[in-house]
Structure formats: C-alpha cells, structure tokens
Amino acid sequence: MADYAIGDVHACLDPLRRLLERLQFDPVRDRLWFTGDLVGRGPQAAETLRFIRDLGEAAESVLGNHDLHCLAVAAGHGRRRRNDRLEPLLEAPDAVDLLDWLRHRPLLTEPERGLALVHAGIPPQWDLATARQCAREAENQLRGEASDTLFANLYGNEPASWSAELSGWPKLRFIINAFTRMRFCRADGRLDFSDNGPPEEAPDGLYPWYETPGRRLQAEETTVISGHWSRLGCRQGPGYAALDTGCLWGGQLTAMRIDSTAPVFTQLDCPATLQPS
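Using full-length UniProt numbering, the letters of the sequence shown correspond one by one to residues 1 to 277.
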C-alpha cells in the first residue's frame, strides 16, 4: 500500500497515466491525492476528470483555481479565456455529471496525520482548526443551492486581509483566494497577487506564504502539500512541500510518496502542451 500526492495535472492525462505506470500504481492497494487544477489549458479535460473520478476511493483531489474557473464558466459567470481549452469538457455528453463531481471536491484534505493538502497554501493568520472551518464553510456554499451566486461573486483580489469579522461573499472570496490563488503575502499577512515568480526574484516586502512572519500553523505540527506555483517548482522545507512542476509547460509531473518516513519524489518529463504567454 502506498499513498502519493501528485502535482497539478492540468488536463494532461497521458503524462499522468505514464507516471502511474512508473509508480506501479494499483487502485486496489494505493491511493492518490491531487493538488488540484485537474483541468484548465491542457488537452484532455473531460478524459482527465473521468479517469480520476472513476478511481473512486483510490483518488481524491482538492479544488484549484482553474477548476473553480471552469465551474464558474459552466455556470455562466466566468469569462472564457484564450487558453482555457474548456469547450470539449463543457460540450461533453456527460458534462453535467463531471462538473458536479468536480464541484464536490474539497478545498482542504488531510491524507495522513500531520499532513494537509491544498491547492495554493494556508494563509499565515490561520491555524489548522481555522483552516478546516473555513474550508468547510466555502465547500458547503460550493455544493449547495447558492453555488451559482457564489460563482457570480468569485472573482477579485479583495479583501486581501483576513479578519474574524468578515462575512458573506467577501469572507468566502478571501477563503477561496487563500486556498486556491495565494503565493505571496505581505509582512502583515495581506495576500498579494502582484507577482508569480520564484521567491528569490520577488520584490522587497513579499514573502512566500509559508515564510510569512508570524505564521500560526506550526511547521513541526503540520506539513502543507500544495501545487499552483509552477515557478516555485518542487521544493520542500519546514512545514511545506510544493509539487507543481509545470507539466503543462513542458516541465515535469511530480508525485511525492507521503506514507513513508521520508518523502520520496518521482518525476516524469512532460511534452509542452501550451507555450507560456
């Protein structure tokens, strides 16, 4: 039995299949935990969702920002972008079922004790209990009758600061932005979306979310596994492991074995399916 966390697939099913062959993945014995962005910009959106959904309890994925954008577009509230490549999924005969399955993915899951898996990260103001509570609140909205209204209020960078006094759509937008879009924060914990490069090239005053001063989630208690940040690449440090290695851009697809004493990484080189714009 083996548990693997896998970085952003972005509808690149063929590389995923090859990676699983290399891992000798057995859906009866093993389990997969995906960091989100199952769809968006890659060539096999419908096929990827069908494949992962049909693995049943052998696979789970959190929601990524591209997954949420896909759901918003399907609900009539997201603006289609040049490189989304969502039409084959939205026009598929089983689109309603596939999108409903996607909509019911969590924002945060905990594969093992001491591990939390999210798409982007956990903001520095939250401990694990707060992160769980916020994830469940937003998930309930995404899965409920008010999801259409949520998608209508999904987009935007504000509020950038967390407060226990937040409520309504501003609160939900902060929660979803933190879980699915965050890379950098300011020293006071404000989310900052102005840069997506590696931390070594960031402007002064920006901190990667996992190194922001005053971070409440203790690294010795919980390691956060995430994707989302392809220019960060495969990195691990105190309290975090990042797995988005740019499969879509001709980088790699990365799996991290998470049930062993020390993490074991397996990477597969991927052909470029989209050129950076």
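Using N, Cα and C, we set each Cβ at its ideal position, and we do this for glycine too. On a predicted model such as this, the values are computed, not experimentally measured, just so you know.
- Within the stretch 202-274, the beta strand (DSSP E) runs of at least 3 residues that lie entirely inside it are, in chain order, 223-226, 235-237, 240-242, 252-257, 264-269.
- Residues LEU71, LEU142, ARG143, SER147 of the same chain have their beta carbon placed closer than 8 Å to that of ARG103, with the five preceding and five following residues left out of the count.
- Here DSSP, grouped into helix, strand and coil, assigns THR48 to helix.
- For ASP3, the beta-bridge partners assigned by DSSP are ARG31.
- In this structure the stretch 205-225 touches the stretch 114-130; the number of beta carbon pairs closer than 8 Å is three or more.
- If you check the CB distance, LEU107 and GLU57 do not come in under 7 Å.
- Minimum Cα-Cα distance from ILE175 among the listed residues LEU49, ARG132, GLU87, ALA116 corresponds to ARG132.
- The three-state secondary structure of CYS185, taken from DSSP, is strand.
- DSSP, reduced to helix, strand and coil, places LEU55 outside both helices and strands of the structure shown, so it counts as coil.
- By the neighbour-count criterion, in which 16 or more other beta carbons inside 10 Å mark a residue as buried, ASN65 falls on the buried side.
- The beta-bridge partner set that DSSP reports for THR180 is empty.
- Cβ atoms of THR48 and ALA11 come within 8 Å of each other, at about 5 Å.
- Taken through DSSP and simplified to helix, strand or coil, SER147 comes out as helix.
- The shortest CA-to-CA distance from TYR207 to any of LEU217, GLU221, LEU191 is the one to LEU191.
- With a threshold of 16 other beta carbon atoms within 10 Å, PHE151 meets it and is buried.
- In the displayed model, LEU172 falls within a helix according to three-state DSSP.
- Relative to the Cα of LEU243, the nearest Cα in the group CYS234, GLY250, ALA75, ARG22 belongs to CYS234.
- When secondary structure is reduced to three states using DSSP, GLU91 falls in the coil class, being assigned neither helix nor strand.
- In the structure shown, GLU110 adopts coil according to DSSP, grouped into three states.
- The three-state secondary structure of LEU71, taken from DSSP, is helix.
- Counting the other Cβ atoms within 10 Å of the Cβ of ALA164 gives fewer than 16, which makes it exposed.
- When DSSP states are grouped into helix, strand and coil, GLU60 belongs to the strand group.
- As DSSP reads the structure, ALA116 sits in a beta bridge with VAL224.
- The straight-line gap separating the alpha-carbon atoms of ASP188 and THR245 is approximately 29 Å.
- Under DSSP, the beta-bridge partners assigned to LEU191 are CYS185.
- Between the alpha carbons of ASP14 and LEU63 lies a distance of about 21 Å.
- With respect to LEU248, THR223 sits apart: the two C-beta atoms are not nearer than 7 Å.
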